[in-house]
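Enquirer:
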Amino acid sequence: MNYFLEIFLGGLTRGSIYALIALGYTMVYGIIELINFAHGEIYMIGAFTALIVASVLTLLGFNTLSVFILALVLAVIYSCCYAFTMEKIAYKPLRQAPRLSALISAIGMSLFLQNYVLLAQTSDFLPFPRLIPDFDFMEPYAHIITTQEAVILITTAIFMTILTIFIKFTRMGKAMRATSQDKVMAALTGIDVNRVISFTFIVGAAAAAVGGVLIASHIGMINFYIGFIAGIKAFVAAVLGGIGSIPGAVLGSFVLGWTESFCTGYVSSDYEDVFAFLFLVLILIFRPAGILGRSESNKV
Amino acid sequence: MNLFPELRKSFIASLWFMFLTFPIMVIRVNTIENIVEWRWMNLVFVGIGSFFLSWLWRYLLSRKEMGVNKKTDDQDRTSLVSRLMKNKQLIIPAAALLAIFTIIFPHIFSTYQTSIMITALIYVMLGLGLNIVVGLAGLLDLGYVAFYAVGAYAYGLLNYHFGLGFWTALPVGAALGALFGILLGFPVLRLRGDYLAIVTLGFGEIIRLILENWNEFSFGPSGIANIPRPSFFGMDLSIQWATVYIYYIVIGICCITIVIVGRLQDSRIGRAWIALREDEIACQAMGIDKARTKLNAFALGATWAGMAGVVFAAKTTFINPASFTIWESIIILCIVVLGGMGSVVGVVSGALVLILLPEYLRAFSEYRLLIFGAILIFMMVFRPGGIVSDVRRVYRFESSAMDDKPQEYS
Amino acid sequence: MIKGISKMRLITALIVSIIFFGSTGLGFAADTIKLGIAGAHSGDLASYGIPSIKAAELVVKEINEKGGILGKKVEILAEDDVCKPEVATNTATKLVSEGANVVLGHICSGATKAALGIYKDSKIIAMSPSATNPALTQSGEYPNFYRTIASDDAQARLEVDFATNVLKVKKIAVLHDKGDYGKGLAEFAKGFIENSGGKAKVVLFEGVTPGAVDYSAIVQKIKKSGADAVIFGGYHPEASKIVMQMRKKRMKTILISDDGVKDDTFIKVAGEYAEGVYATGPKDVSSNPLAIKATEDHKKAYGSDPGAFFLNAYAAAQALLNAIQKAGSTDYDAIAKALKTEYVDTPLGKIKFDDRGDAIGVGFAMYQVRKGAYAEVK
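Protein chains in written order, with this note's numbering: chain V, -11 to 288; chain H, 1080 to 1489; chain S, 28 to 405.
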């Protein structure tokens, strides 16, 4: 039973990690129907910015807490700026173009950003400072769940709640929902569609950056390639839950995390990813639009 | 042109990029030695670079918009190459020249040139195959590399266990490719668009992971070595001649592929694919069997990948799962989209550009992928239809001024 | 009018392309000895390949200053294969086309296997500083292959002997990263444990997914299996993730790993958690005067410490050029004979090669992380 609980918690942690990244995918997809391949790179850039800021501040003699807060804030700001610029350069000119062109542009952006960081920084793994200390009161439970894992879980939960409230009740949230349903109609009712799209990218990037900082300090190291690997998994999670739906992305992430975790725990980690993908195929066969996705009936 | 606002815009862009690239370009931390390196010069380069690039960017964008607004004769909007294609007087000597060039190619250039040309031609085959699935039938396939792997492993394993030769393995590889295409096709019949993309991606990964983990079957990550090159009527050729020989084989297969794909495109199946791409519901309403058409597309597309896999195994003589990652699928997809979806000439030129360019860019090997990424974005922004976009016969009702605009298709 | 221009343009394009393609393939003079260097010089594995170029540059510079060999200067032809087999065949063909006499490389085992056939047909000897796959020398399929590093099975043997005889552990979990190198090593280790006559048994044999965001499930599984020690085949990023998660979960399981982990980056990344980890690595040569000199030269020339496999590559370059010198020609058989008979002084010690192509006198030793540095376990 204890083993089951541990595996379950492991899957939950993994799921929350995916969820923070999957959010950006699903939001962008919901608005402009684009698989933003470069989203994983935003997460990577967030982690790198945090690493750089934290190292500089530590050398300047700041204390741990202020280093953590400043690194997190700057990582979020920079990730948002990158996402904003990325949208303006690589996606905005392609609004009217075929969807595949936008996808290729996103792939190009992903390659570009990966190699930009590789060339400007390094190809080696860099140790990431432990920004979250181990709390003493967590010590008795450390063999089950560490402080970092608990922080990741709680942050994901808070993020989801805020986001859901935001989309449901604020003006901007309503504008986002309207835009995702019909861009032309939304524009006619006075919504600045370009602003809404930029804003969506920024919110997605903020979630990814927070994820980047937390995950990097949980894993303890980063390099330029982490974004791509995590990005693919998060994308799978978003589709599993029903792409375009925010609760779907979260649910999909947890389902994916548990699938992988239980497969490793009870079968074999050799086939961890095979199981994850098979499970995805199975779900999509029975629910072609994902777990929570709306299956739209196409009108002629 | 108003100089001052332009200057101001560029200046703002340059400031913005200096801010944006500041942490990553300027500061390099070595967390191992705890040293922080400040590279202020980079900031200057970024500033100057983005100043001029943003100028160029806006200039090109405005030109593109002008091009769209200034709607002139249709002919101008189709690309140079497709215009050339229509010109009968030109096409025959050009084709003849091209054919002669292709035939004498391995004799005037070194083995290395021939060798990379073979690689590029293998990608032409892959591109043409994927073009059937993505370009014609409109089914986004991100796991196409799986069929390529199936072909390569079919030859590698059949040769290892039963000593089968290249020429026997070629049809077997193609058949297995088709079989796997159908296997993938069945579960995804109901899926659409991006759901299809993710399932095919998963399928590609599953095949690769099985090859990686199932040692008893596929020899795992250490791969299969010493796969023989094709023998020439029982003779084993030296490496130079084997390369030339493979070159001719690939050229042959490519020509056959081009002819078949060209014929398919104009056939009943091809029309059905295009109809499927344009509108699934309307296509069904016209009495086209959707499931069969989709399966056809998957099977035929995968056939070429299977063949390309066999040729690949024969060329490198060594295969392991690391050659069949998702990046490979992405590159093939880039070939199709960058070249021009649905257009054979486009796919061929896309493959030649995307595969040969990195080889010739070896001198800038570090910046190769950076440039590659930038080119992808640039091409898509300024030429979203690809190098050679597909030209479809447009039937117009001449008398009406309203219908003057050629149809847009996505 | 338009027609005319287009025709002209097409013909010009054809001519230009012919000149462009043609010029790259033609003409080379045979007045230098050409040392080809192939390996990953870009991409994510570049840090394993670039040190071999630097090593060769240093060796070649020294030899050329002394007047070269056989009265000829030595010239370096460096080509990138990004550690991919399909690229490696093109790289190899390019080196052959450019007239390389001997090749130092490739870096990764897979790429090496793909390239060796081409060198074999062209009668060129290749010597790798880092390809450790046992089949390369043991299968007998690559007579033109030599290496200045010991093969994986020797390493696995050492790890298993150490675990069963020195540490006396009874239950061992064998993990790998599903890669060519890691999985091969893990399989050897598993075989050796099973044939150790019941001294120990394998309680878990699994591959972890490289680059995964979290290894807690596999760590829990190790814990459940009750293993006293983990033997891990793979590279340092995964090893440090595993050891960090084990220690964070308050597990004291011993970790024994390979020379992919015996890298200072591992200690820096895993920090305090690295303490006590065992790893096999090439025998300590830090007291060898030639090794000291090579490292010093590197610092002087490039202003940094040498990277992975630098000394192996240095030794390989020396061995190859020495063999040409001793053979008196660049003939394949003569060089092969010289490699197998003539000892050469290298930073790795005095080496020559056995019939299979493995260097005699190059082996592995066991190291442990103590107070933030690797120390040899005697």
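Cβ coordinates follow ideal geometry from the N, Cα and C atoms, glycine included.
In terms of alpha-carbon separation, which member of S:Leu231, S:Arg397 and S:Gly261 lies closest to S:Tyr255?
Expert: For the record, residue 255 of chain S in the displayed sequence is Asp; it is not Tyr. Of the candidates S:Leu231, S:Arg397 and S:Gly261, the one whose C-alpha sits nearest the C-alpha of S:Asp255 is S:Leu231.
Enquirer: Let me make sure I understand the geometry here. Which of H:Arg1462, H:Leu1200 and H:Ile1261 has the alpha-carbon closest to that of H:Arg1142?
Expert: Residue H:Arg1462 is the option with its Cα nearest to H:Arg1142.
Enquirer: Please decide whether H:Phe1397 counts as near chain S, where near means a Cβ-Cβ distance under 8 Å.
Expert: Yes, because at least one Cβ of chain S sits closer than 8 Å to the Cβ of H:Phe1397.
Enquirer: Note down, in chain order, each residue of its chain lying with its Cβ closer than 6 Å to the Cβ of V:Phe265, except the 5 sequence neighbours on either side.
Expert: Result list for V:Phe265: empty, nothing under 6 Å.
Enquirer: Figure out for me which residue from H:Trp1352, H:Asp1345, H:Phe1188 and H:Leu1431 has the closest Cα to the Cα of H:Val1213.
Expert: With distances taken between Cα atoms, H:Val1213 lies closest to H:Trp1352.
Enquirer: Going by the CB atoms, is the gap between V:Ile203 and V:Ile5 shorter than 8 Å?
Expert: Cβ atoms of V:Ile5 and V:Ile203: closer than 8 Å.
Enquirer: Who pairs with H:Val1432 in a beta bridge, going by DSSP?
Expert: Beta-bridge pairing links H:Val1432 to no other residue.
Enquirer: Count the other CB atoms within 10 Å of the CB of S:Gly54; is the residue buried (16 or more) or exposed (fewer)?
Expert: Here the model assigns S:Gly54 a pLDDT of 39, short of 50, so the residue's position is not dependable, and the following value carries that caveat. The residue is exposed, with fewer than 16 neighbouring Cβ atoms inside 10 Å.
Enquirer: Between which two residues does the beta strand (DSSP E) containing S:His68 stretch?
Expert: Taken as a continuous stretch (DSSP letters only), S:His68 belongs to no beta strand (DSSP E), as it is neither H nor E.
Enquirer: How close, in whole Å, do the beta carbons of S:Leu212 and S:Asp179 come, if the pair is a contact with beta carbons under 8 Å?
Expert: With 8 Å as the limit, S:Leu212 and S:Asp179 qualify as a contact, their Cβ atoms being about 5 Å apart.
Enquirer: Counting only the same chain and skipping the five closest in sequence on each side, list residues whose C-beta sits under 7 Å from that of S:Lys93.
Expert: For S:Lys93, where only same-chain residues beyond five positions count, there are no Cβ hits under 7 Å.
Enquirer: Any beta carbon from chain S within less than 8 Å of H:Ala1384's own beta carbon?
Expert: False, the Cβ-Cβ gap to chain S never drops below 8 Å.
Enquirer: Give the interface partners of H:Asn1292 over in chain V, defined as CB-CB distance under 7 Å, in chain order.
Expert: Within chain V, the residues near H:Asn1292 are Asp258 and Tyr259.
Enquirer: With three or more C-beta pairs closer than 8 Å as the rule, is the segment 251 to 258 of chain V touching the segment 227 to 242 of chain V?
Expert: With the cut-off at 8 Å, the segment 227 to 242 of chain V and the segment 251 to 258 of chain V do not touch.
Enquirer: If you measure from the beta carbon of V:Ala197 to each beta carbon in chain H, is any gap under 8 Å?
Expert: With 8 Å as the cut-off, V:Ala197 does not count as an interface residue toward chain H.
Enquirer: Among V:Ala163, V:Ile190 and V:Ser186, whose alpha-carbon lies nearest the alpha-carbon of V:Thr177?
Expert: The option with the nearest alpha carbon to V:Thr177 is V:Ala163.
Enquirer: H:Ile1106 and H:Trp1119 - do their beta-carbons sit closer together than 8 Å?
Expert: For H:Trp1119 and H:Ile1106, no; Cβs fall outside 8 Å.
Enquirer: Give, in chain order, every unbroken run of the beta strand (DSSP E) that is at least 3 residues long and sits entirely within the segment 63 to 118 of chain S.
Expert: Complete beta strand (DSSP E) runs here, min 3: 100 to 107.
Enquirer: With a cut-off of 8 Å on the beta carbons, I'd call V:Phe36 and V:Ile210 a contact; round off their distance for me.
Expert: About 7 Å; that satisfies the 8 Å criterion.
Enquirer: Report the option in S:Leu62, S:Ala266 and S:Ala67 whose CA atom is closest to the CA atom of S:Asp336.
Expert: The sequence shown places Phe at residue 336 of chain S, not Asp. The option with the nearest alpha carbon to S:Phe336 is S:Ala67.
Enquirer: Rounded to the nearest angstrom, what separates S:His263 and H:Met1097 at their Cα positions?
Expert: If you take the alpha carbons of S:His263 and H:Met1097, they lie about 35 Å apart.
Enquirer: May I ask which residues mark the beginning and end of the alpha helix (DSSP H) holding V:Ser43?
Expert: V:Ser43 -> alpha helix (DSSP H) spans His27 to Leu48.
Enquirer: For the beta strand (DSSP E) that contains S:Pro309, what are its first and last residues?
Expert: Unbroken beta strand (DSSP E) run through S:Pro309: Tyr305 to Pro309.
Enquirer: Could you tell me the distance, in whole angstroms, from the CA atom of V:Ile140 to the CA atom of V:Gly34?
Expert: Taking the straight line from one Cα to the other gives about 16 Å.
Enquirer: Looking only at C-alpha atoms, which of H:Phe1312, H:Gly1217 and H:Ala1225 sits nearest to H:Thr1279?
Expert: With distances taken between Cα atoms, H:Thr1279 lies closest to H:Ala1225.
Enquirer: If S:Thr116 sits next to S:Ala142, beta carbons under 8 Å apart, how far is it from one beta carbon to the other, in whole angstroms?
Expert: Between S:Ala142 and S:Thr116 the Cβ distance is about 6 Å, and since that is below 8 Å, they are a contact.
Enquirer: What's the C-alpha gap between H:Gly1299 and S:His325?
Expert: One C-alpha to the other measures close to 38 Å.
Enquirer: To the nearest angstrom, how far is the alpha carbon of S:Gly95 from that of S:Lys327?
Expert: So the two alpha carbons sit approximately 22 Å from each other.
Enquirer: Where are the beta strand (DSSP E) runs, 3 residues long or more, that stay fully inside the segment 321 to 376 of chain S, in chain order?
Expert: The segment 321 to 376 of chain S contains these whole beta strand (DSSP E) runs: 371 to 373.
Enquirer: Looking at the secondary structure, which residues open and close the beta strand (DSSP E) in which S:Ala402 lies?
Expert: Taken as a continuous stretch (DSSP letters only), the beta strand (DSSP E) holding S:Ala402 covers Ala400 to Glu403.
Enquirer: Could you tell me if S:Gly355 is buried or exposed, where buried requires 16 or more neighbouring beta carbons within 10 angstroms of its beta carbon?
Expert: With fewer than 16 other Cβ atoms within 10 Å, it is exposed.
Enquirer: Ends of the beta strand (DSSP E) at S:Ser284?
Expert: Run containing S:Ser284: Ile281 to Ser284, per the beta strand (DSSP E) assignment.
Enquirer: Hey, how far is the Cα of V:Glu29 from the Cα of S:Lys353?
Expert: Distance between the alpha carbons of V:Glu29 and S:Lys353: 53 Å.
Enquirer: Going by C-alpha distance, which of S:Val86, S:Arg174 and S:Glu106 is nearest H:Leu1440?
Expert: That would be S:Glu106, whose Cα lies nearest to the Cα of H:Leu1440.
Enquirer: Taking a contact to mean a Cβ-Cβ separation below 8 Å, would you say S:Ile283 touches S:Glu186 in this structure?
Expert: Taking 8 Å as the Cβ cut-off, S:Ile283 and S:Glu186 qualify as a contacting pair.
Enquirer: Would you mind sorting H:Pro1084 into buried or exposed? The rule is 16 or more other CB atoms within 10 Å of its CB.
Expert: Exposed is the call here.
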